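Residue numbers (my numbering), protein chains in the order written: chain F, 1 to 105; chain E, 1001 to 1135. Read the structure below first, then the notes.
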Amino acid sequence: MLDMSELLDMTELLDMTELLDTVAILLTGAALVAAAVVLAATRQLACALPVLLEFLTAAGLTRLARDPTWTSLLMAGGVIVLRRLILVSLGPGRSVHTADQPRAE
Amino acid sequence: MTASIEVLPESVLRDVVDVLVRVVEAAGALIIFVGAVIAFVRFLRAGLGMRRSAREFATIRLSLGRFLVLGLEFQLAGDILSTAISPSYTEIGQLAAIATIRTALNYFLSREIARERAEVEGGWPDQPASSAGPP
């Protein structure tokens, strides 16, 4: 039979709200750095923006892992919708040009 | 006087499910974090190294997306577990929202993968078919 006090201790141990908040902040920072690296390498916003939004989605999903609130759900959903809108507005095929092979003007 | 044998009291069951939910959600968050770290390192290596093709970045981004979908699967499993005992309308609503997000992510990611594959197989738009693909 499970010991109730041990179980409750385990529950408190697994309460990782602060850790998940920290991870989400780290992922947000990683989003900015990775997007900056891609932008510097390709000089194309169409390549860097999806990277930024992908990492921001990861940060939003990490926040969902703790007790999800309607605000965190809306934020995660909003980032995904925003990401799609930006990708659609940038147009298909614009992300496939290489930095060393610039588009023909 | 009523003689009842409590094999598994509801309070214990509730605590057990609570622990399981936290473990499964932590696993989902860990998968997302690990995927993000791997993608971040790969982005840095590709950006600072010689492989600066946009297709390389798109491939890394898609791999991150797969980690996100996997992490979401775990989060969804945790939510399903949490509704096992006395689900409230709020919990069901949040489960529906997470399921919607997961499904949308899955759908868009599958489309992106299919598009990437079509681009690889069909060549690059601004290049002749003979020189298809990244250098």
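Glycine included, C-beta positions come from ideal geometry on N, C-alpha and C. On a predicted model such as this, the values are computed, not experimentally measured, just so you know.
On the three-state DSSP scale, how would you describe T1059(E)?
Counting from one through the second sequence, the residue named residue 1059(E) turns up at place 59. Three-state result, T1059(E): helix.
What does E54(F) touch in chain E if you count any residue whose Cβ is under 7 Å from its own?
The residue given as residue 54(F) occupies position 54 in the first sequence. Ordered by position in chain E, the residues that pass the 7 Å Cβ test against E54(F) are R1061, L1064, G1065.
Within the 7 Å Cβ cut-off, does A58(F) reach chain E?
Position 58 of the first sequence, counting from 1, holds the residue named residue 58(F). Closer than 7 Å to some Cβ of chain E, the Cβ of A58(F) qualifies, so yes.
What number of angstroms, rounded off, separates the C-alpha of G1093(E) from the C-alpha of M1050(E)?
One-based indexing of the second sequence puts residue 1093(E) at position 93. One-based indexing of the second sequence puts residue 1050(E) at position 50. Going by the C-alpha atoms only, they are around 48 Å apart.
For E1091(E), would you say it is in contact with chain F, using Cβ-to-Cβ distances shorter than 7 Å as the test?
Stepping through the second sequence from its first residue, residue 1091(E) is reached at position 91. Output row for E1091(E): interface = no.
In angstroms with no decimal places, state the Cα-to-Cα distance between D1015(E) and A76(F).
Here residue 1015(E) refers to the residue found at position 15 of the second sequence. Here residue 76(F) refers to the residue found at position 76 of the first sequence. If you take the alpha carbons of D1015(E) and A76(F), they lie about 28 Å apart.
Looking at C-alpha atoms only, which residue of I1085(E), I1101(E), E1056(E) is the closest neighbour of E1010(E)?
In the second sequence, residue 1010(E) corresponds to position 10, counting from 1. Of the candidates I1085(E), I1101(E), E1056(E), the one whose C-alpha sits nearest the C-alpha of E1010(E) is I1085(E).
Flag T42(F) as yes if its beta-carbon sits less than 7 Å from any beta-carbon of chain E, otherwise no.
Position 42 of the first sequence, counting from 1, holds the residue named residue 42(F). Interface residue, yes.
My output table needs one value for C34(F): the three-state DSSP class, helix, strand or coil.
Residue 34(F) sits at position 34 when you count from the first residue of the first sequence. At residue 34(F) the sequence reads Ala, which differs from the Cys that was named. A34(F) falls in the helix class under three-state DSSP.
Return the first residue and the last residue of the alpha helix (DSSP H) that T69(F) is part of.
Sequence index remark: in the first sequence, residue 69(F) carries index 69 (1-based). No alpha helix (DSSP H) holds T69(F); DSSP gives it neither H nor E.
Go ahead and pull the three-state DSSP assignment for S1053(E).
Locating residue 1053(E) in the second sequence gives position 53, where the first residue counts as 1. The answer is coil: DSSP assigns S1053(E) none of H, G, I, E or B.
Mind reading off the beta-carbon distance from L61(F) to G1071(E)? Whole number of angstroms is fine, and I expect it under 8 Å.
Here residue 61(F) refers to the residue found at position 61 when the first sequence is read from its first residue. Here residue 1071(E) refers to the residue found at position 71 when the second sequence is read from its first residue. For a cut-off of 8 Å, the C-beta gap from L61(F) to G1071(E) is around 6 Å, short enough to register as a contact.
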